[in-house]
Structure formats: structure tokens, C-alpha cells
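Chains A and B, in that order, give the protein sequences.
Per the numbering used here, the first sequence runs over residues 1098 to 1524.
Per the numbering used here, the second sequence runs over residues 403 to 736.
Reviewing the structure listed below.
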Amino acid sequence: MRSVLVRGGRIVDPRQSLDKKGDLLIVDGKIEAISDEIGRMEEAIELDARDQIVAPGLIDVHVHFREPGGEHKETIETGVRAAVAGGITAVCTMPNTDPVTDDPAGIRFVLAQAEKAAGARVYPLGAISKDQEGKSLAAIGEMVEAGAVGITDDGNPVMNGGLMRMAMEYAKAFGIPVADHPEDLDLSRAGTMNESLNSTRMGLPGKPNISEDIQIIRDLLLSELTDSRVHIQHVSTAYGVEMIRQAKSRGVQVTAEATPHHLILTDSEVDGYNTNAKMNPPLRSSEDRDAVVQGFSDGTLCVYATDHAPHHYDEKEQTFADAPNGIVGLETSLGIGLTYLVAQGIVDLSTLVDRMSCTPARAFNLPGGTLKRGSIGDVTIIDPNVIWSVDSNEFMSKSRNTPFEGLKLKGRASKTIVGGKIVWNGF
Amino acid sequence: MGGRTGVFEGGHFLKPNVFSLGKDLVGLEDLSTDQIVTVLDTAEAFKEISERKIKKVPVLRGKTIVNLFFEPSTRTKISFEFAEKRLSADTVSVSSVGSSVSKGETLVDTARNLEAMKIDMVVIRHGSSGAAKFLGEKIPSNVINAGDGSHEHPTQGLLDALTIRDHLGSFDGLKVCIIGDVLHSRVARSNIHGLLKLGASVGVCGPYTLLPADVEKMGVRVFSRIEEAIEWSSVLNVLRLQLERMHSGYIPSLREYNQKWGVSKQRLKLGSDELLVLHPGPMNRGVEIDSDVADGQNSVILEQVTNGVAVRMAVLYLLSGGTPETAESAKGVN
């Protein structure tokens, strides 16, 4: 394999408290050296990274690639292409496929499909319960052996507290976190958006904040009780953020996500029955949004993840109640992070890289998340100055369901390198 | 009926302002006060047609209208059909009972097929909030919302307002209380938007399980006890209680609902003698309203039905490009 020499970029690696101009060399798919200047190498591909940012490969720990069963929305192949186009070098796939990824064969299938596709690395999560029915534990140990990096019943939350306790206790032996979509389905009822004046006006059944809060509290307490790791997905409520903050301060082993959409949008986006503003958990009030921003800024929500949830256009082209939950996010998350979080001073660049690379890697024990010598050669090169507009027709993803259409962003991945191979070369 | 004819004099409107309704009628939230008053005034002019021996004028001759009812309806559907026929439109009514998507066809496909048949207007009733707006965005024809989920039922809101205006003349100082299942009611939302814009005060009353979140932020007063609501009100608009609400746990039983929130003759005594009682129908006698109230002297429920035809004629006429000024001549010679 040829070496890659990235020249003259601003190298940012929070794991090494590094933020300086220099050259970076990848040899045999691994980080070989970072130096002020590395001499000319005959056999290396040279990349000019002047005025660009060189970061450890970005990791999105929450994506839905729909394969098997939903290939009209996304496949693993199109998913990993979308990822690298967004500067993401690794993803964690959710197991709510059809059939549910709840056994080692399912995990091996996802890994085999990823192997064939030239794009981001794929780390599958397996289901907590068989068929995600919340009744009995799935083959957790065998799935870990096959390559699963965590378990979750994302989208079909485990309502039975006793089973959730057992999942956490059982998973602990394998060193994996339980990823938790916190939602009390009895409190959500038929809700399709945030319960608020807006849901009342539009005549849409609402999901109250408490349907999320109450399960966040339950699962923080279960994590504390079982002394095991819990990863709270897509936190959207002010109270939920505060509960996680308190749990962290007393030493609970919790990591938690903030999504781009919960960081910058509110439930007023649903106005006019915009099905591309329909997701679960729903967009909330501006007070909740501000609390998510605060939690992201202070590190309570230490992982930036998209919940990339592709849907075919005709599935979203329905009345609000009939349209499915979810939006795509892989190709807009970095631009939104740079434009709305870094440029607005909510976090600095190094912190954004930390939340998009280092912390996600640690939360799921993934390789990468740093540019230390000997680490895997996953690197994202970012042009921080390019101004572009979100155009879903340019997406590598199979789906176009974004609420960010037309949004003007500053900053984008110009090159994405996975294992020393340039897998994305910019637009 | 204490008719209101003051806006007409010698066949002309005193206020010559034209307030077009735009392409679609989705909800009263989207209309200005002037637009609402325009519909009421135009409806006033059309009322008389239904009193004629030959109940037909050529206003919509050559126009084709589809009544698309994805939910069962008797009163609203018939009312629209009469309004259309009395204006000489060619109409087709499609009923599709059940879910939002019947026979697997999506609403957008239904819309495109209708459009391909070159129609002028669609009247839609659908179980999903936002369905009428959705349809209006997909096709160039005029779309009239005949009830979408729990969102709005604008022609009901308009006919309720017309009925109140017929009796009480003006909305200034009026207190209208909506009683019952406000949570699921499109009639409630259209009433709240319309009546607030017309200048009335609006209250809602019912068990808290059937009042939606933050409803007071819509500018309405909230009553939990019906006795207080009746004492406060000059008009009661009593909503139908869907019988399945009991099974989904919103209330313990219909009997208890009637005991605690039913509009009975006994409770009416707490209000003024002139208290008007409206109900959008169909009624559950003995549940939300007792028979002696429904059939009593305070009830204007059948006038609502009569006004429904006139209001729908007015809406069809205005959306098709008619103006209040020409409404009189459009009616033709008697």
C-alpha cells in the first residue's frame, strides 16, 4: 500500500492536545508520524492541506443503513459512501433492520456488506432483545464475538425495566455499552411531534418531554445499580440533559449524544406539517434546544451523532401522521457543526473534533479517534472556508429526507482517508 | 331567526372591500378577520336560494367538484353536495371509509389521479391532520378542508359563527365556551381561531384529559367545572364525545361524563335565559347533551345545519373567483 503524506495542514488531535501546523504521514494504513516538516518521499501520495484542518477520522455512532430489509432507503454500500462524503470514516449501525440484527449471522452479514463497499468502516450494534420485542435477551455474547460493538433496541425501546437491568448486567461481561433510546411508549402514546402549543394548534398528538425524561432517569439508575456503561442516544430535553449532568458528577458511567437537529432546530420547524421535521425523539421547544446546546458545550452530551435515518421520498410524501420518523444526517453534520457550533462559539474546533472522533471511539471501544503514531490511518481533511448550500440531489445517500435543504454552511470535508486510502476526494 | 341583512342594501355591499380567500380553505387560523366576515356576509346572501322553490343558480355551471371523504360523514358530505348542486356544479362524491390510505393508494397518488381528470375543486375530509394542506400543495385545484384529523373544520367554524351572529348580532363582548373533547376536536380549533378573530372571548371546558397541552396559550380561558363555564358563557358549543374515548382511557365511563360534564336542563338554569346552545352533530343524546336541551328553546342546532349549506355555497363561490359584490347578481332572478 502506498503511503500518504498530508502536507501543511492544521493538525487537530484532542487526544494529544495537539493543534498545530505540520505534516502527517500514513504508512501501511497506520499513522506513522506527525512533524513540522516531513521530507519528500518518492513512494508517497502527497496531499496539499494548506489552509485545511487535518483531524482524526470522524465517527458517527448512530446511523441506520436499512440493510437488510430496507434497501430502497439505503444500503450499506450507499451508506458508507454518504459517510465518507460527509467526512465520516466510521459508523455504528443500528440493528432495527428487517430481520432485526439480533444474532451473530446478522452481525456478520453487516460486516460482510461493509467489507465489499469502499467507504467508511462499519461497526454494527446488535439488538438488546430478540426481534427487539423487549421480552428476552438476544445472543449478546455471540454477537460481540462476531463483531458487535454494543447493543441497543433503538426505536423499540425496552419498556421492561427488569429486562433492561439484565441487559446491562449481562453486557458488562463483554465490555460493551448498552445504547439506549430513552422513551416510555405509554407516555408517548400515538404522539407524532413534541407536545406543545404547536402540536395543539396543528391538531397533532404530542409526545411529552417526560416520556423521554423518565426513561433517562430509569436507565441512569440502572447503570448505577449494575455498575455498567450506558450510552444515552439523541437527548432532546432540558431535564434529560440535567439528569445526565448530575449522574456524571456522581460517577455514573454514561456517555450521551446530541444530534445536529436537536442542537439547531425546534418544533416550530414542523409548521406546515413538514415531514422532514418528523423524527424520534421529536424536535422540542427552544428552552430544550438551548439546554441541549449547553449540555453539548459543557460536555454532558459528549458525543455528536446524527441518527442518520434515511427514508424513500414517497414515504415522507405523506400526511404527517403517516410519514415515518427520521432524517438523513451524514452529509450535513460536519458542516452544521462547523457553522452552528464552532463559528458561533458554542465549542471550539478541538472540542468539536473531540465530540466527533475521540469520544465516540472511547464510548464504543473503537480503534481510531486519534492521530497517535500506530493508530489506524483514518483521517478527515476539512476545508473550513468553503461555503456551500445543502442540496439533497448531491447526496451520496439513497435518501433525500433532510430538513436542512438549502441551508448555507461553511466548512466541509475535502478528503476522507480510511486506513490510508483516500476514499473521498471532495466535490 | 334573527337574520342579519344589514350588510346588504339595494343589492350592494356597504363595504366594497374584496377579501379573496386564496386558492384553498384549509383553516380559519390562516384567514384574516376580513376574510371571515366576507364569507359570513356572502353566506347571508346565499341563504335565500335554499328557500326558493327551484333551489338552483348557475354560479358554478361547468365547474367540476370532487367530494373526497376518507372518513365517514353524513351531515358534512350532504351539506357540501347540496351547496354544490344549488350552485350548478358537476359533482362526484367518493367515500372511502377507514384508514388514511385505502386500498394502498397514497393520498398523493389520489391527488394526481384527480388532477389528471381536470377537476376544479376538491372537498376533502381525512383522518390525518394536515391532509387538506398537503393536497392543496400537490394540485392546482381549489381545495376545501371538510375536516382534517384533529386540526380544523373551517366550514363548521364559519357556520357556527354565522349562527351566533344571526342571533346575537355582534361578537363584541360575547363569551363562547366549547365543551367536551377539545383534544381531538377539529371543530374546537376552527371555533377558537374564528371566534377570537371576530372579537369574541372563548373558553374551553372538559376533563383535563381531553384538553390539549398549552391550550390556554391559544388565548382561551380554561374551565374544569361545567357549572362555572355555563355561568360565564353567552354561547355553549357542545362537542360530540367520540364513544371510543372511554375505551382508550380518557374518561372512566360515559355515564360519569354525563354526570360531570353533560349539558343538562338543570345546569342550563345557571346561565342566562338567552344562552345559545350549539352542537356540530351528530349528537350523543344523554352523553354530552341531554335531549331536553338539544330540543329545547336555547338550542340552535338545526339552524346550524341550515346555515351550513349557505356557508359552503359562499366558500365555493368565493374560492371559484366570485366576489361579494357580485353575489347578489350571481343569484339570478327569482
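The beta carbon of each residue, even a glycine, is placed where N, CA and C say it ideally should be.
Distance between residue j and residue i (C-alpha atoms, nearest Å)
i: Ala445 (chain B); j: Met1191 (chain A); result: 57 angstroms
i: Asp1228 (chain A); j: His1278 (chain A); result: 16 angstroms
i: Ala1217 (chain A); j: Arg1163 (chain A); result: 16 angstroms
i: Arg1426 (chain A); j: Thr1363 (chain A); result: Note on residue identity: the sequence assigns Gly, not Arg, to residue 1426 (chain A). Rounded to the nearest angstrom, the two C-alpha atoms are 16 angstroms apart.
i: Met1493 (chain A); j: Glu1168 (chain A); result: 14 angstroms
i: Ala1276 (chain A); j: Asp1251 (chain A); result: 8 angstroms
i: Glu618 (chain B); j: Arg1386 (chain A); result: 23 angstroms
i: Met1263 (chain A); j: Leu1322 (chain A); result: 11 angstroms
i: Ile1135 (chain A); j: Leu1449 (chain A); result: 27 angstroms
i: Gly1223 (chain A); j: Asn515 (chain B); result: 44 angstroms
i: Ser502 (chain B); j: Ile526 (chain B); result: Here Ser502 (chain B) scores only 43 on pLDDT, less than 50, and its place in the model is too uncertain to base an answer on.
i: Asp1475 (chain A); j: Arg1178 (chain A); result: 15 angstroms
i: Glu554 (chain B); j: Ser530 (chain B); result: 11 angstroms
i: Gly424 (chain B); j: Val510 (chain B); result: 22 angstroms
i: His1358 (chain A); j: Phe1501 (chain A); result: 9 angstroms
i: Asp1411 (chain A); j: Leu585 (chain B); result: 30 angstroms
i: Gln1415 (chain A); j: Leu537 (chain B); result: 10 angstroms
i: Val1255 (chain A); j: Asn1193 (chain A); result: 13 angstroms
i: Leu641 (chain B); j: Asp583 (chain B); result: 6 angstroms
Short CB-CB distance (under 8 angstroms) between residue i and chain A
i: Lys425 (chain B); result: no
i: Val503 (chain B); result: In this predicted model, Val503 (chain B) has a pLDDT of only 48, less than 50, meaning its place in the structure is not dependable enough to derive any value.
i: Val510 (chain B); result: yes
i: Asp574 (chain B); result: no
i: His649 (chain B); result: no
i: Pro609 (chain B); result: no
i: Ala518 (chain B); result: no
i: Ala513 (chain B); result: no
i: Ser533 (chain B); result: One point to set straight first is that residue 533 (chain B) is Ala, not Ser, in the sequence displayed. With 8 angstroms as the cut-off, Ala533 (chain B) counts as an interface residue toward chain A.
i: Gly551 (chain B); result: yes
i: Glu473 (chain B); result: no
i: Phe482 (chain B); result: no
i: Lys599 (chain B); result: no
Helix, strand or coil at residue i according to DSSP, with G and I counted as helix
i: Leu680 (chain B); result: strand
i: Met685 (chain B); result: coil
i: Pro1305 (chain A); result: coil
i: Leu1234 (chain A); result: strand
i: Ala615 (chain B); result: coil
i: Leu564 (chain B); result: helix
i: Met648 (chain B); result: helix
i: Met1290 (chain A); result: strand
i: Met1453 (chain A); result: helix
i: Ile1433 (chain A); result: helix
i: Gly1203 (chain A); result: helix
i: Ala1353 (chain A); result: strand
i: Asn547 (chain B); result: strand
i: Gly1184 (chain A); result: coil
i: Tyr1370 (chain A); result: coil
Residue-chain proximity (residue i, chain B), Cβ-Cβ < 8 angstroms
i: Gln1415 (chain A); result: yes
i: Arg1298 (chain A); result: yes
i: Gly1369 (chain A); result: yes
i: Ser1293 (chain A); result: yes
i: Leu1056 (chain A); result: For chain A, the structure presents residues 1098 to 1524; residue 1056 (chain A) sits outside this window and is missing.
i: Asp1419 (chain A); result: yes
i: Asp1411 (chain A); result: yes
Beta-bridge partners of residue i, as assigned by DSSP
i: Gly1119 (chain A); result: A:Gly1106
i: Met1265 (chain A); result: Beta-bridge pairing links Met1265 (chain A) to no other residue.
i: Asp1480 (chain A); result: A:Arg1509
i: Ala631 (chain B); result: Ala631 (chain B) is not bridged to any residue.
i: Thr1249 (chain A); result: A:Ala1276
i: Asp384 (chain B); result: There is simply no residue 384 (chain B) to check, as chain B begins at 403 and stops at 736 in what is shown.
i: Gly1223 (chain A); result: A:Ile1248
8 angstroms Cβ cutoff, residue i in contact with chain E
i: Arg588 (chain B); result: Protein chains in the displayed structure are A and B, and chain E is not among them.
Same chain, Cβ closer than 8 angstroms to residue i, five either side skipped, listed in chain order
i: Ile1142 (chain A); result: Arg1099, Ser1100, Val1101, Leu1102, Ile1519
i: Leu1612 (chain A); result: Since the displayed chain A opens at 1098 and closes at 1524, residue 1612 (chain A) lies outside it and no answer follows.
i: Ile521 (chain B); result: Thr466, Ile467, Val468, Ser543
Own chain, CB closer than 6 angstroms to residue i, minus 5 neighbours either side, in chain order
i: Asp694 (chain B); result: Lys667
i: Thr1287 (chain A); result: For clarity, residue 1287 (chain A) is Ala in the given sequence; the question names Thr instead. Counting only Cβ-Cβ distances below 6 angstroms, and skipping sequence neighbours, we find Pro1302.
i: Thr708 (chain B); result: none
i: Arg1470 (chain A); result: Ile1128
Cut-off 7 angstroms between Cβ atoms - residues of its own chain near residue i, not counting five sequence neighbours on either side
i: Ser1496 (chain A); result: Lys1170, Glu1171, Pro1407, His1408, His1409, Val1425
i: Ala1355 (chain A); result: Val1332, Val1389, Gly1392, Phe1393, Leu1398, Tyr1401
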